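In this text, residue positions in the sequence shown follow UniProt numbering: the first is 1, and each later residue adds one.
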Amino acid sequence: MSESTILAPLDSAELINCGLLGPGRTTGSQRLHKRRLNRSSDEENHDISLNISLSSPAADGAFAMIPVALISYETLVYVGLSEAKATELWNQWTSWPAQGPLRETDPDDGGWIVTFKDFIIGSFENRVDAADDNDQEWRACLNRCGVAVDVQNAIMDPRFKYLRLSQSCLYWVNDTVNMRYAGLEDIQRSSHEREMQLRRIATRPGDKQGGRQGGSDIATESSSSAGQGQHSVSGFQQQDTPGIGLDIWGSTSAIAARNAPGHTVLFKGLDQGRIAGLFDEAGTLDRISTLLSSAPSDLSGTRSLFYFTPDHHVAEYHAAYAKRRANCESIVIVCLRIPNAAIESLSASDVQCIYWPSNEWKELIWLCRTVKSLPLHLRKYRQAILVIGTVSRKPDSVYHAMNSWQQVTETCLFRVGPPGQKNLTIQYVFSGEEDGCQFLIENGARNMKIFPYPQSELEAWLAASSSSDY
1 MSESTILAPL DSAELINCGL LGPGRTTGSQ RLHKRRLNRS SDEENHDISL
51 NISLSSPAAD GAFAMIPVAL ISYETLVYVG LSEAKATELW NQWTSWPAQG
101 PLRETDPDDG GWIVTFKDFI IGSFENRVDA ADDNDQEWRA CLNRCGVAVD
151 VQNAIMDPRF KYLRLSQSCL YWVNDTVNMR YAGLEDIQRS SHEREMQLRR
201 IATRPGDKQG GRQGGSDIAT ESSSSAGQGQ HSVSGFQQQD TPGIGLDIWG
251 STSAIAARNA PGHTVLFKGL DQGRIAGLFD EAGTLDRIST LLSSAPSDLS
301 GTRSLFYFTP DHHVAEYHAA YAKRRANCES IVIVCLRIPN AAIESLSASD
351 VQCIYWPSNE WKELIWLCRT VKSLPLHLRK YRQAILVIGT VSRKPDSVYH
401 AMNSWQQVTE TCLFRVGPPG QKNLTIQYVF SGEEDGCQFL IENGARNMKI
451 FPYPQSELEA WLAASSSSDY
């Protein structure tokens, strides 16, 4: 969505009325209470009182600074660019040439249109990348992209060095900007949903005070219970939180979900904004394709696939790094439980296993990462519904620099665990074609659980990770 303002007018007015929205540091920014950011932020930030005044010393921890308009200079800063780079790009956007493609804000003439997000991402193209274990080269790359210092520090956090070096610098820059932009779109969606609910309340028979009284209840409900550690999701907010449960990662429910006898439990850590549409308004699975990972990847050079890990520690690792790089985005961990009987019912050709140190694993990884055609003896992996195998590491450029798959070594393996006890990681990869989607839908996806990964979990993870090499 590309409406001009992030917060819908009626919702904005109601939030101001309830003391949950106020002016920011600039005319193009605003401060929104962290429990009203998106669909899961109320539960994720349940420990923050809704009664904190904007003028209170505690306001900095209770309110998030967000842009007024999605397409704005403030958005460029929000997604992680320095003020100098944001000024440069905003000048380019507002001084768009008359010839060539149109901006998404221009009248549509049926031709090529450049979205604001693509414009931002496009500014990183043709930059010299960094992939080696050389912090100076990484900092130089981040500076060339115009990444703000605080965001640079998040990307370069030594506690995530091992995970960071699994991809290149430009990969993480793109991922961080995409995540933050999707987060703003998530805030925008949630605001529009609240506005629709306010309109429905205003039209209820017998509601003499209209949407204002109903909206006040919506905005401030359960603030007294938040300090007692009780669930703080208002009735309205929970109605418009399809697929997102009441419990956060680390809760008793989330811990219990990791163990399901007779099932293979799979996990995936990612930002909430980029799985918009996974569930419909009723909380029913709608677009499972939002969970697809794009190519090139471990098992395909050209096709999107579903990647999950059976190790919740791996999902936590990815979720923690995403949370570290986020602005005020919600990060989630997807929990999928597939009956063992369903996997066992697949034919021998539909489920394949491939592990290090087999030559087939080395060859398949190298060919897929370098987007080369698969020989006949490896096509069984492309045709399978499910492939179970060892996870690789290193950026695509490392594989492109190899002369053949025979140069794939143990350094190309992704391991997790404390120093001296690192174990190989395994992935369950499902086909992104119709048969793979159908298998997931029929065998667990309809009942998958989504657990918000809150700031408190990141802080606990960081406290437990004293080593710079996880």
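Cβ atoms here follow ideal geometry from the backbone N, Cα and C, with glycine treated the same way. Because the structure is a prediction, the values reported are computed rather than measured.
Backbone CA spacing between residue i and residue j [nearest angstrom]
i, j, result
"Arg144", "Arg127", "7 Å"
"Asp286", "Ile338", "18 Å"
"His312", "Phe279", "23 Å"
"Asp147", "Lys85", "It should be pointed out that residue 147 corresponds to Val in this sequence rather than to Asp. Cα to Cα, Val147 sits roughly 8 Å from Lys85."
"residue 478", "Ala315", "Only positions 1 to 470 of the chain appear in this structure, which leaves residue 478 out of reach."
"Ala140", "Val149", "12 Å"
"Asn134", "Gly262", "46 Å"
"Ala58", "Trp356", "52 Å"
"Asp175", "Trp90", "21 Å"
"Trp96", "Ile113", "12 Å"
"His400", "Cys368", "10 Å"
"Glu434", "Leu15", "43 Å"
"Val416", "Lys422", "5 Å"
"Ile385", "Tyr428", "10 Å"
"Thr115", "Glu344", "45 Å"
"Leu266", "His318", "14 Å"
"Arg382", "Arg303", "9 Å"
"Arg200", "Pro9", "15 Å"
"Ser404", "Thr94", "47 Å"
"Gly80", "Ala98", "29 Å"
"Asp108", "Asn259", "52 Å"
"Pro310", "Gln136", "35 Å"
"Thr264", "Tyr307", "14 Å"
"Leu292", "Met402", "28 Å"
Beta-carbon proximity of residue i to residue j, cut-off 8 Å
i, j, result
"Val173", "Leu270", "no"
"Ser12", "Met65", "no"
"Ser431", "Leu305", "yes"
"Phe439", "Thr425", "no"
"Arg180", "Asn327", "yes"
"Arg324", "Leu163", "no"
"Lys362", "Val391", "no"
"Gly273", "Glu195", "no"
"Glu74", "Thr26", "yes"
"Ala62", "Ile48", "yes"
"Ser349", "Lys372", "no"
"Glu44", "Ile354", "no"
"Ile450", "Ile120", "no"
"Gly22", "Leu50", "no"
"Lys34", "Ser40", "no"
"Leu336", "Met156", "no"
"Leu170", "Phe124", "yes"
Rounded distance between the beta-carbons of residue j and residue i, thought under 8 Å
i, j, result
"Leu346", "Leu299", "No, Leu346 and Leu299 are not in contact; Cβ-Cβ is about 16 Å, not under 8 Å."
"residue 473", "Ala320", "Residue 473 falls outside the range modelled here, since the chain spans only 1 to 470, and no answer is possible."
"Arg393", "Ser191", "Actually they are not in contact, since the Cβ atoms of Arg393 and Ser191 sit about 39 Å apart, beyond 8 Å."
"Leu376", "Glu360", "That pair is no contact at about 12 Å."
Spatial neighbours of residue i in its chain, beta-carbon cut-off 8 Å, leaving aside the 5 residues before and after
i, result
"Ser397", "Asp129, Ala131, Ser168"
"Ala276", "Ala182, Glu185, Asp186, Arg189, Thr290"
"Gly111", "Pro101, Leu102"
Other residues of its chain near residue i: CB distance less than 6 Å, five sequence neighbours each side excluded
i, result
"Arg36", "Leu20"
"Ala445", "Leu285, Ile288"
"Pro395", "Ala131, Gln167, Ser168"
"Ser456", "none"
Cβ neighbour criterion (16 or more within 10 Å) applied to residue i
i, result
"Leu142", "buried"
"Ala226", "The pLDDT assigned to Ala226 is 39, lower than 50, so where the model puts this residue is not dependable, and the model offers no usable value."
"Glu83", "exposed"
"Ile71", "buried"
"Gly389", "buried"
"Glu193", "buried"
"Ile52", "buried"
"Ser234", "In this prediction, Ser234 has a pLDDT of 38, which is less than 50 and means its spatial position is unreliable; nothing more can be read from the coordinates."
"Ser358", "exposed"
"Gln406", "exposed"
"Thr411", "exposed"
"Ala464", "exposed"
"residue 472", "Outside the displayed span of the chain (1 to 470) sits residue 472, for which this structure offers no information."
"residue 478", "Nothing can be reported for residue 478, as the shown portion of the chain is limited to 1 through 470."
"Ala322", "buried"
"Gln197", "buried"
"Pro452", "buried"
"residue 481", "Look at the range of the chain in this structure, 1 to 470, and you will see that residue 481 is not part of it."
"Gln92", "exposed"
7 Å CB neighbourhood of residue i in its chain, flanking five on each side removed
i, result
"Cys437", "Ile288"
"Ala154", "Arg324, Arg325"
"Asn443", "Ile338, Pro339, Ala342"
"Gln352", "Lys380, Tyr381, Ala384, Val387"
"Ser224", "Note that Ser224 scores a pLDDT of 39, beneath 50, so its modelled location is shaky; the value from the coordinates is reported in the next line. Within the same chain, Ser224 has no close Cβ partners at all."
"Trp138", "Ala130, Met156, Cys169"
Residue i Cβ short of 7 Å to the ligand ATP heavy atom set
i, result
"Ile66", "As presented, the structure is devoid of all ligands, the ligand ATP included, so that no description of it is given."
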